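Novice: For reference, the structure I am asking about is given below.
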C-alpha cells in the first residue's frame with residue numbers, strides 16, 4: 499500500500515465530513531436557511547497520541563464508548579498554534595493510518611494543574627484500570643515524552659481536560 503498524500507488525506511476528510519454531517523444531524527437547517535461556512539468546512543482532524551499504534555488503541559476505546567475524555571498540556575496547543583477546545587467544537591478523529599473514523603463534539607473543557615486532574619476525569623478517559631494513579635503515571639510519561647521544546651513539565655503544568663460525545667459513528 500502506498501503512502502497517503504496530503505491531497506488524498508484532505509479528500510478523505512472532506513468525504514467523511516460530507517457523509518457524517520447529515521448522519522449526525524448537523525445540516526438539518528441547510529435546506530431552509532442555506533449553507534453556512536461552518537456547515538460546509540470540515541472541522542479540525544487529529545489523532546490521539548504520538549504514534550499510529552497509540553492512535554488506534556485510543557480510537558478503539560472511543561468507538562467502544564469506554565473513552566469520553568482526553569487531556570493534553572495547554573502548552574502543546576500553544577506550541578502547535580492550535581486553539582484550546584471549546585464546548586460545542588466539532589472534531590474529526592483519525593486512526594493511526596490517518597483515515598477519518600469518528601466525529602466528536604466537545605461537551606466540557608477544564609484547564610487545571612496536572613496535580614489537580616480528578617479521578618472522575620481519569621475514569622472518563624477509559625484507559626488502563628481507569629484509576630487516577632494509573633492516569634497520572636501514564637500521562638506524566640506521555641507529557642514528558644511529548645513536551646514542547648523549551649518547556650519543562652511539572653505537577654503545576656496546565657492540562658486541558660476535554661470531555662466529548664461521539665456523534666458518528668453512533669456508539
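Numbering (the numbering used here), first residue to last: 499 to 669. In this text, a Cβ means the ideal position worked out from N, Cα and C, and glycines have one as well. Keep in mind that this is a model prediction, so the values were computed, not measured.
#1: In the DSSP assignment, find the beta strand (DSSP E) that holds residue 636 and state where it starts and stops.
#2: If I measure Cβ to Cβ from residue 617 and keep anything under 6 Å in the same chain, skipping five residues before and after, which residues do I get?
#3: How about residue 591 and residue 606: do their beta carbons lie closer than 8 Å?
#4: For residue 540, report the span of its alpha helix (DSSP H) as first-last.
#5: For the pair the segment 504-514 and the segment 548-557, tell me if three or more CB-CB distances fall below 8 Å.
#6: From what residue to what residue does the alpha helix (DSSP H) around residue 608 run?
#7: If you drop the 5 nearest sequence neighbours on each side, which residues of the same chain put their C-beta closer than 6 Å to that of residue 624?
#8: Is DSSP giving residue 570 helix, strand or coil here?
#9: From 542, 661, 517 and 665, pick the residue whose C-alpha is nearest to that of residue 601; which is it?
#10: Do you know offhand how far residue 620's Cα is from residue 628's?
#11: With a Cβ-Cβ cutoff of 8 Å, do residue 539 and residue 612 count as a contact?
Specialist: With the structure as the only source:
#1: Residue 636 -> not in any beta strand (DSSP E); alpha helix (DSSP H) instead, spanning 630-644.
#2: Taken in chain order, the residues that qualify are 630.
#3: Not a contact, by the Cβ cut-off of 8 Å.
#4: Segment: none, residue 540 is in no alpha helix (DSSP H) and carries neither H nor E.
#5: The segment 504-514, when compared against the segment 548-557, does not touch it at the 8 Å Cβ threshold.
#6: Counting along the chain, no alpha helix (DSSP H) covers residue 608; the unbroken beta strand (DSSP E) around it starts and ends at 598-611.
#7: Correct list, in chain order: 559, 564 and 565.
#8: Residue 570 falls in the strand class under three-state DSSP.
#9: That would be 665, whose Cα lies nearest to the Cα of residue 601.
#10: Rounded to whole angstroms, residue 620 to residue 628 spans 6 Å at the Cα level.
#11: Between residue 539 and residue 612, the C-beta spacing is not below 8 Å.
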